[in-house]
Structures are given as C-alpha cells and as structure tokens.
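Dropping the structure here:
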C-alpha cells in the first residue's frame, strides 16, 4: 500500500494554493478579530492544496470546533480547537484539518511501519548516529532525556496527543489535551532524527533518505501545533529544534526556507538574551549548557554568513549589551559540560564530553576572530578613504596595529590544539574496550576536519578581503599580484593536504557547511588560474582546482549536485562579469552563488564566466575552455590501495555481492558439491573469509541428480555442463539475508530446474532456512526489492537451448514469504546480443531501473550488458555502449571469459563489480572460473563503466571510516573461518561414512562407498578442498598398519584431483595388492590412462604418503612409504597435463581423499587418514 504522507509545513512554491494555519498563544475565548490578529503575527504555510473556494470542511468529531474567518477567506480555511478546561500545559490550536498532534503522531508511526522498519529501533539508531556524527559539531541535546522521549513516538503514547474532551457523564474522565512538554519532546526527537537522516550517506544508513521526509514533516507539523506558546515561553529545545530543521531543509535543497527557519532561531536567541551571561543565572546546569551551546551554533552560523557571504551580522558583539557570553575563550568556560553525565554509556567515558567541548569552543573562537577581523578591515578601509582627502588625516596606526595583533591571534588559535585533535588516531581511552577508543577517535576526526578546513578557508577569505582593500601588507604580504597568488595557492595546498589526509567520512559528516568552504577556495583558485601573470602559478592553481573539484564531487554536495558537475570556464568578450557564484540560481541552473550573496569583492572578472552543467565530468578539451591538469593522486579523497585478483581464487563462479553494515558478503555457485553456496565476507574487498555455506544440511535439498554431461554448442565446441546449484543472487532487506538460486538436474531428457529462496537473519551462523520453491522454468534467478515494498523475481527463462536466442529475461512479482507469484510472468528484455541472455540483476538509481545481464555464453564470448527503464516492468532501453565488459577479441587480456557478475557500492559510495573470469594459461584455464574484482565509474543519471579486470590494480580504499572495526564486529571470533567450512563432498553425501575431527587438521576415518568417482549420480566417499592457487600442493598420509587396515579387502583409497564424474586424476592404494597406481580420466575427450609406474608397498610399512603437486601446466603425483625406522623419498608415479582435464566447464579442481570398495563387506571397514593438507 502507498506510504501515508505527513502534510509538510514547508513554504509552498505557490502560496496562493496553500492552507494557512495559525495557533493562539493560550486557550481563550477571544473573538474572530483576535484570531485575525494572530494570523498577522507569524503565518505558517503548508503545502496542502486548497479545494474549491468556499468548500465546506467537515467538523472535528471531538471538543468544540469553531469555523473562523481569516484575512483571506477565499484562499485559506482554518479551524480553532479549544480545550474545554484552560490549562498552562494544554495548548489552544488553530490548525488546518489533519494538523492536530494525534494526526501527526499517527501519520509518522504509520509511515515508518509501512516502510517495514521497527519504529523504536529506527529512532534509537538515528540517535546513535547523531551522537557519532553530529554531536561533535552540534552538542545541543541531553542524551539521557532524549532517549526517554523516544517512547513518545511509539503508538502506545498516541493517547497523549489526543485533543481535549470534556466530561460528558459523571463516570467520564476529563482530558485537558496534549501537554506542551510532550509535544516539545516529540518535536525535538523527530527534528534530531531528520537532521541525521538528511546528512548520513545511504551507504551507512540505507533508509535515511526516505525517513528524513517523514521525520521533518512530523517535526514541523508538531511545532506548528504549539508555536505561539513556544515563542512566548522558549527554552533550549525551541532553538535546537529550529537548528535541526534548518540543517535538514538545507541538505534537502530548500535553502531559503532553511535560512528562514534559522532566522527564527536567531531572533528567539536575541529575545532570550542568550548573549548575556546574566540570562543563565536562574537555569539548572543542563538547560544552561544547552542554551549556551545552541547559542554558539547560531553565533557561528551568523559569523559564517557574514564572512563567507557578506551578509550583515546579526549578533555582532558591539551591538549587544550585557556581559557578553561570547567573550569567554575556549579554555575559560566556567561551567563543566554535563550533557553526557547521566548517559550511562561507556562510549562517553569521561573526560570525553569535556574534550568534545574544547573542540566545539575552538570552532566558535575561530569564527569570532575572523568576523571581527573582517569587520575591522572594512572599517579601516572606510577610514582610509575618508582621510585621504583631509589635509591633516588623523593617525590610524594604532588601529592597524590592532588588526595585526588580531590576525596574529587568529593564526595562533589552533596552536594549542589538544593532542586528541592533533592526532585522533593516537587517542586511546584508558581501561576501556577498543570499541570505545574507536568511537571517540571517529568523533575527534570530525572535529579536526571542521577546525582545520575552517581555519584555512578563513585564512584565504581574510587575505582576499585585505588585498581587495589594499591592506594585504597587514598580513605580511605585498600587494604584488603574483605574491598574493602564491600565498593563496600555498594556503590552498595546505588545505587540500589536510583534506587528503582526513578520513572521508569525517569530511562527509561535516556536511554542506564544509562543502561551502571548499567552494570558496575553488572561486579563489579559478581566479588565479585565469588572472595570474605567472604561467607556473596558473598551472598550479589549475591542478589544485582539479583536485578540489574531485573532493567536492565525492562529498556529494546536495546544494550543487557536485557529483554531476562539469565546470567550464569559458572566455567571454563581454565586459566585466559578475563574481563567480556557487549555488542554485532562481532558474535552477547551478552556479557559484544562488542564495549566497555574490562574492564579487575579488570574483572572476573581465573575461571569465563560470558555468556548472549537469553532465558527466570530463576533460576540458575545447580550446576555449580551461584545460585542467589530471587530478593528482596525492590528493585523492579516498586513500588508494592495491588490490589483488582473483579475490576468491579457485572454483568460485557466478559471484553475487551484498554490502551490509560495512561488511561485504559474496556468494557463488557450487554445482554438484555439498555443502553448497559458499558465503565469503570481507571488510575491505582485499581479504575474504569463507564464513559458511548457505546449503549446509542434507535435508535442505537433494543434489542426487546433479550430474555432468557433455553438451554440444552451436559454436562447434562442446561444454562439460554440470548440474546442481546455479548462479545464486544474495540480497539483504529489512534485517534479512535472502538467496535465490536454481538446483538443476540432468535426470531426464531435459534439464530440470528447481528454483528456490532461502533466508537467514544471522548470516554468520549458517542457520539458513529450508528452501521455499519458486515456480520458474529457468536458471540464474535474481531478486529485487523496490522502494514501495514490492518484491520482484526475474531469471533466465529457457526457450530452446539448441538455438539462439536460447533464453530471455522474464519477471514476476513474488510473495517472498511463500515464493508464490502474485503477478503474471512477463518478458522484460531479450538482451543486447540476444545470445544466452542470463544472470539478471536490477538496480534502482534515481528514477532509473538498470538491468544487468550476462550474454554470449560463459566462455570466450562472455560479456556483461546493461539496459534501463523508468519502470521495473520495462521497456528496457539498450545501452549503445554495450557490452560494458568483455574480454572477447582482447587476446592480450590475461583474464578471459569475463562476465556474469554483480555491481555494488561500498560505504564511501564507490561502485565495484565482482565478475566471473578465468586465468588464461597457454589457452588453458587450470582453476576454472574464479571471482575477480574491478572498479566501476557510474555517474548519476548515466551508465556504468566497468574497468577491465587485471591481476593487480590500484583503487580507492573500500573500508568506511565509520564502519565498525574488526574488534567491534568480531565479538565471537567470527572473522576466523569456521572449522571444516572448506570441506566438500560429492552431491548427497552419506555423512555417517565420515568420522571427522572438530578441527581442520588431524586424523579422520572414511568408510568406503560402493560407487566411485565415475558414478554420474548419487555419491561416493570423498572429502576435498578447493585448489585455490596455480601452484599448490596436497598431501595426505594413510595409516596402513592400523588393525582394521588388515581387513580392508576390496578397498581402494587415495588422493585425487576431482572436477566431476567425467574428469579426475588420482593416486589409488589397493589394500589387497598393496600397490599404488596413478590414473587419469576425461570422459569428454576419451582420456582413460593408468600410469605404468607403480609403487609396491612393503609389508612392514606403517604409513603411506601421497602427494599431488600442481602448477599451471601439470599435476605431478607422488607416493612414499614409511616404516617405523625409515621414511623413504617421494617417488613420482605419474603426471597429467592440466589441459588434459580442462574443458569448456563450469567447475574447478578440488583436492581430496577417497575410499571406494567393490564389496559389501568393505563398506563397513574404515580407512584412517592422518591428515589432509592443502597448501594454496
């Protein structure tokens, strides 16, 4: 069902089509005139469209409702809700229908529930994120109180927001109506949630981009219900709420409305006289601290608007009376911070809050000093202009000396920065868990980023203003343009060095204010690039600007859509142009100004105009445009690192990846091996751990018919096609991991395809559900969870495997709980090549649904192609640049057959691809199909560009700064692969035939099976592990002197390289003849060879050692016997070229031990192996 919308109280783009709501100060019975006067004081406009003029609105079902005339009766309608009993805690309302507290409460809870999110857990998660990412910059909440207020958002508290109702009968209870304290608390919590949801990247908190609208609308709607009384009796929450709302609105792009709301907070702060220290004398410690902190935030906002955007200062010290709060320096605050005292959380262990407070005050001090300096420079400039015409100008040397002294004070403001801010990485918390230290380090990185970027930006702004007024000598720089440009580039270089050395998420957590500072730097660099007389300075400015642009684009600025910016600095023959401006203009065209006042003091003039186009950024190749040098890797926003391919070596085809809470989970096909569908996990895309297998219980499904056949292809070749578990897709939705997959069997004349879905809430436990069948005639299923809660199943629908197109992509909506289709099955795309179109995955980005498929077959013509549509049902438009990945025709590529893969994002927003590929070793692929990683460039609104995978490449660090560290995640040792997780059996193993130790090493016993390797169906006794490296060694040792070994008549046991029932090579020891032989078989080519070299084991031998050495070219097989006194040398008994076992295949080599028998009696006698050691 559609998500209910909370009417947003934002300013409408069309005021004449909005409903105006007003609120009276206290419950009273004044007449219409008073209501009209109240509407003239503070109008609030909602985005609710009006019905036809004069339409009668239905009355409220409770209490008294009086229809009131408003100043503009033809365009507005309002209602007054009056509680029966007057009370200071009950609030009189004059609101549009639906804007009552209980309506707002109900709409919010319903909206979040319809998203499938647990309400309480979601709100508490938002508060946790706030404490980590926002509190270091905006410490304006009392955590213990806010946590208590979370209950007010729950459905169980809705009765607290019901309108007042009188006592109608003697036994009735009179309800005075909602309490203003409850409404304030509700508004504060929702506004704080809106704040963090607007800032947090979806890679860190996926539902944030959706929740922000619901929280913001609820917050603004509830504030409307009591705003008159809030203005009359404000407290710290009155300001905090407006600050939170302003931040959310600003991030959502509603810039003017954001400043309008922040202006309300500024005016309230003046009315509350928060600039006067005397105003705090009657307050308790917590309220006093909250008011001070929020005042400092407003103070900094006011100063930043003045310094960066030339807006007149509202809170200038010279204009305020009283004992000024702002005069207190960062280290002289007489009050101890107390907002976290009773938080009862180890994360905030003292002296954490005091440390945060010092960094917070340092920021206020920087802005205060800079604003005063800027003010004094302008005064001095005016004095100079006035005295120049006087015959005897008054001396102003003392004023200049004051500016110099102030500048020195500004430049040294951060010299005494405490150690936890100088180097957050070295900060430690004594007697605390590592997770506490990690948390505090992250918050101090955020503060450090804010302080240093602010400091260097302000240095540039002050120098620019001083040079514009001809006063740069006061700052130790001559008025020579080249020297000024040199100093500016030096400061810019220092700033970008700081940006490059700061964790990306510490920058991102600072939000749009930090991006605005970087834009200011960009304006200065562009001016130097075009006006510097020195070519060296011009080139340096261009390089720095290119790096800066890269930084802004990666920070994903909402204000300027920086990810899509193409900046062209076009020369113009027009006379002087306006200053460079960096925001949205009224036309919607991004520019360098918008709501910010023009920076025309030293802006781009004469022959330069800036244009920001919403296109993919590329090199400025046009001769009339600014040609920027390549971006310098030394200033990369993400620190780069080297990656090694394949990320999952050996038998690991058809990868699918999902990223959850900073961890990447990867699933691959397993075909006829059990356990099936291996799951790998990584925090950094470099080191992967095999953490479990999704199919790990024999009762989950049967692989009995997962046979292998040689199938002719239309290319003239043959394919060795294995049955079993095909091409899984792994997804995560609302706390649950899902895998859809196909279990294919060759039992009859046609391929049987059983599709299913399994799920788990704890992927680390390997506790996956039993399969839920999905009726679909095809393979390679995919799953897509849409924003509206609908779930779609799509796959490769088999048409006719003997001709092309052999298949097509079809889709239907599914009930994920039952596997039942709930829509018709439709074809959505035949593919680009229309040749074996398989492996579909859908991604929704913005308005587009992208459909990725593999085509061309899984061998030399393999490729990835993509299409997109504005509807999940299509039609999907083919990308003209297809295929977006292939090695077909690229003989120089070592990694061949690249295709069938999945696209995913890391915590930093970087796109990646995990794809299938093979290593081409002299036209042979010894390890079969493996999983390779490569980077993806996917511009907003555009098409993905996948880099050709290579064995080594340099890419951005994929680890998120804010994701939990290994120590925090690994609370139960989960990052150590479980014991025996690598064990593989053939099809449906009889587990009673395996007596295995609890660890990976140690003796074990195998009970022989009647069937051997060549049985096409069923199972045989075999336990193995994947060959992960081209150069590998597998060794084992059989205890042939054990008492039970003397009874092993008719039994053969040994060591093998096994791919399927058609292809294997092994060393076999015959307990009857005491002879070791080597045998190689490939039924698809007719190979069936037994080596003539054998080893006759002596009667007194105690153990028999077997070894297989693998290289890219061949397998060499060795044996040796050992007595109690002598261990003989290894003897080579045979070899097999890797090409002899190779084919157009689906699986890869597995080393393993086996035990087979030709007699019934032999099935009951165990063979003891001392170990199986595979060195990859």
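Residue numbers (UniProt numbering): 1 to 1176.
Ideal Cβ placement from N, Cα and C applies to all residues, glycine included.
In this structure, how does DSSP classify residue 953 when only helix, strand and coil are distinguished?
As a first step, residue 953 must be located in the chain shown, where it is residue number 953. Looking at residue 953 - three-state DSSP - the assignment turns out to be strand.
Determine the closest residue to residue 769 out of 756, 775, 780 and 133, with distance taken between C-alpha atoms.
Position 769 of the chain shown, counting from 1, holds the residue named residue 769. Nearest C-alpha to residue 769: 756.
Please report the straight-line C-alpha distance between residue 818 and residue 351, rounded to a whole angstrom.
Indexing the chain shown from 1 puts residue 818 at position 818. Indexing the chain shown from 1 puts residue 351 at position 351. Cα to Cα, the separation comes out at about 53 Å.
If I follow the unbroken beta strand (DSSP E) through residue 528, where does it start and stop?
Walking along the chain shown from the start, residue 528 turns up at place 528. That residue, residue 528, is in no beta strand (DSSP E); its alpha helix (DSSP H) goes 511-531.
Counting beta carbon pairs with one atom in the stretch 230-246 and one in the stretch 256-268, are three or more of them shorter than 8 Å?
yes
Just the C-alpha distance for residue 853 and residue 787, rounded to the nearest angstrom, thanks.
Reading the chain shown from its first residue, position 853 is the one you call residue 853. Reading the chain shown from its first residue, position 787 is the one you call residue 787. In a straight line, the C-alpha of residue 853 is about 22 Å away from that of residue 787.
Taking 8 Å as the threshold (C-beta atoms), are residue 112 and residue 221 in contact?
Taking the chain shown and counting its residues from 1, the one referred to as residue 221 is at position 221. Taking the chain shown and counting its residues from 1, the one referred to as residue 112 is at position 112. Result no, Cβ atoms of residue 221 and residue 112 do not sit closer than 8 Å.
Just checking my contact of residue 840 with residue 780 at CB under 8 Å: how many whole Å lie between their CB atoms?
Taking the chain shown and counting its residues from 1, one reaches residue 840 at position 840. Taking the chain shown and counting its residues from 1, one reaches residue 780 at position 780. Yes, they are in contact, since the Cβ atoms of residue 840 and residue 780 sit about 7 Å apart, within 8 Å.
If contact is defined by three or more beta carbon pairs under 8 Å, each pair taking one atom from either stretch, is the stretch 919-939 in contact with the stretch 828-835?
no
Based on Cα-Cα distance, which residue from 1051, 1088, 1076 and 1037 lies nearest to residue 1062?
Position 1062 of the chain shown holds residue 1062. Of 1051, 1088, 1076 and 1037, the residue nearest in Cα terms is 1088.
From residue 838 to residue 492, what does the alpha carbon distance come to, in whole angstroms?
Reading the chain shown from its first residue, position 838 is the one you call residue 838. Reading the chain shown from its first residue, position 492 is the one you call residue 492. Their backbone Cα atoms lie some 50 Å apart in a straight line.
Reference residue 126, options 114, 146, 110 and 1040, closest by Cα
Counting from one through the chain shown, the residue named residue 126 turns up at place 126. Answer by Cα proximity: 146.
Which partner residues does residue 773 have in the DSSP bridge list?
For the purposes of this step, residue 773 is taken as the residue at position 773 of the chain shown. BP columns for residue 773 point to 756.
Return the residue from the list 533, 823 and 959 that minimises the CA-CA distance to residue 908.
To locate residue 908, count along the chain shown from 1; it is residue 908. Of the listed residues, the one whose Cα sits closest to residue 908 is 959.
CB-CB under 7 Å to residue 1178, same chain, minus the five flanking residues each way: which ones, in chain order?
Look at the range of the chain in this structure, 1 to 1176, and you will see that residue 1178 is not part of it.
From the DSSP output, in three-state form, read off residue 659 for me.
Position 659 of the chain shown, counted from the first residue, corresponds to residue 659. Residue 659: strand per DSSP, three-state reduction.
Quick one: is the Cβ of residue 183 within less than 7 Å of any heavy atom of the ligand GDP?
For the ligand GDP, the structure offers nothing, since it holds no ligand at all.
With burial defined as no fewer than 16 other Cβ atoms inside 10 Å of the residue's Cβ, what is the status of residue 905: buried or exposed?
Here residue 905 corresponds to residue number 905 of the chain shown, with the count starting at 1. It counts as buried.
Would residue 365 and residue 413 qualify as a contact pair, given that the criterion is a beta-carbon distance under 8 Å?
If you number the chain shown from 1, residue 365 lands on position 365. If you number the chain shown from 1, residue 413 lands on position 413. Taking 8 Å as the Cβ cut-off, residue 365 and residue 413 qualify as a contacting pair.
From the DSSP secondary-structure annotation, give me the bridge partner or partners of residue 867.
For the purposes of this step, residue 867 is identified with residue 867 of the chain shown, where counting begins at 1. In DSSP, residue 867 forms a bridge with 851 and 878.
Counting only runs that start and end within the stretch 255-286, where is the alpha helix (DSSP H) found for 4 or more residues in a row?
255-271
Tell me, please, which residues DSSP counts as bridged to residue 719.
Indexing the chain shown from 1 puts residue 719 at position 719. DSSP, once it has assigned bridges, lists 711 and 1144 as partnering residue 719.
Per-residue DSSP class, three states only, for residue 147
Position 147 of the chain shown, counted from the first residue, corresponds to residue 147. Residue state, collapsed to three classes: helix.
Tell me which same chain residues have a C-beta within less than 6 Å of the C-beta of residue 1022, skipping the five on either side of it?
Here residue 1022 refers to the residue found at position 1022 when the chain shown is read from its first residue. Excluding sequence neighbours, residue 1022 sits near 986, 1152 and 1154.
So who's on the other strand from residue 841, going by DSSP bridges?
Residue numbering aside, residue 841 sits at position 841 when the chain shown is read from its first letter. According to DSSP, residue 841 bridges with 852.
Between the beta-carbon of residue 980 and the beta-carbon of residue 1000, is there less than 8 Å?
Numbered from its first residue, the chain shown carries residue 980 at position 980. Numbered from its first residue, the chain shown carries residue 1000 at position 1000. Yes, the pair counts as a contact, with Cβ atoms nearer than the cut-off.
My understanding is that residue 1146 touches residue 744, with C-beta atoms under 8 Å, so please give their C-beta distance in whole angstroms.
If you number the chain shown from 1, residue 1146 lands on position 1146. If you number the chain shown from 1, residue 744 lands on position 744. Between residue 744 and residue 1146 the Cβ distance is about 10 Å, and since that is not below 8 Å, they are no contact.
Decide if the stretch 1094-1105 is in contact with the stretch 1026-1042; the criterion is three or more beta carbon pairs, one per stretch, under 8 Å apart.
yes
Top-ranked residue by Cα proximity to residue 996, from 406, 1115 and 1172:
On the chain shown, residue 996 is found 996 positions in, with the first residue counted as 1. It is 1172 whose Cα lies nearest to the Cα of residue 996.
Nearest-angstrom Cα distance between residue 876 and residue 851?
Here the question's residue 876 lines up with position 876 in the chain shown. Here the question's residue 851 lines up with position 851 in the chain shown. Cα to Cα, the separation comes out at about 8 Å.
Could you spell out the range, first to last residue, of the beta strand (DSSP E) harbouring residue 1109?
Position 1109 of the chain shown, counted from the start, is the residue given in the question as residue 1109. That run of the beta strand (DSSP E) goes 1103-1110.
To the nearest angstrom, how far is it from the Cα of residue 378 to the Cα of residue 451?
For the purposes of this step, residue 378 is taken as the residue at position 378 of the chain shown. For the purposes of this step, residue 451 is taken as the residue at position 451 of the chain shown. Cα to Cα, the separation comes out at about 25 Å.
The beta strand (DSSP E) that contains residue 1223, what's its start and end?
As displayed, the chain neither begins before 1 nor continues past 1176, which places residue 1223 out of reach and without an answer.
For residue 680 versus residue 690, is the C-beta distance shorter than 8 Å?
Counting from one through the chain shown, the residue named residue 680 turns up at place 680. Counting from one through the chain shown, the residue named residue 690 turns up at place 690. Yes; because the gap between Cβ atoms is below 8 Å, this pair is in contact.
Assigned exposure category for residue 1143 - 16 Cβ within 10 Å defines buried
The residue you call residue 1143 lines up with position 1143 of the chain shown. The residue in question, residue 1143, is buried, as its Cβ has 16 or more Cβ neighbours within 10 Å.
Where the beta strand (DSSP E) through residue 1242 begins and ends
Since the displayed the chain opens at 1 and closes at 1176, residue 1242 lies outside it and no answer follows.
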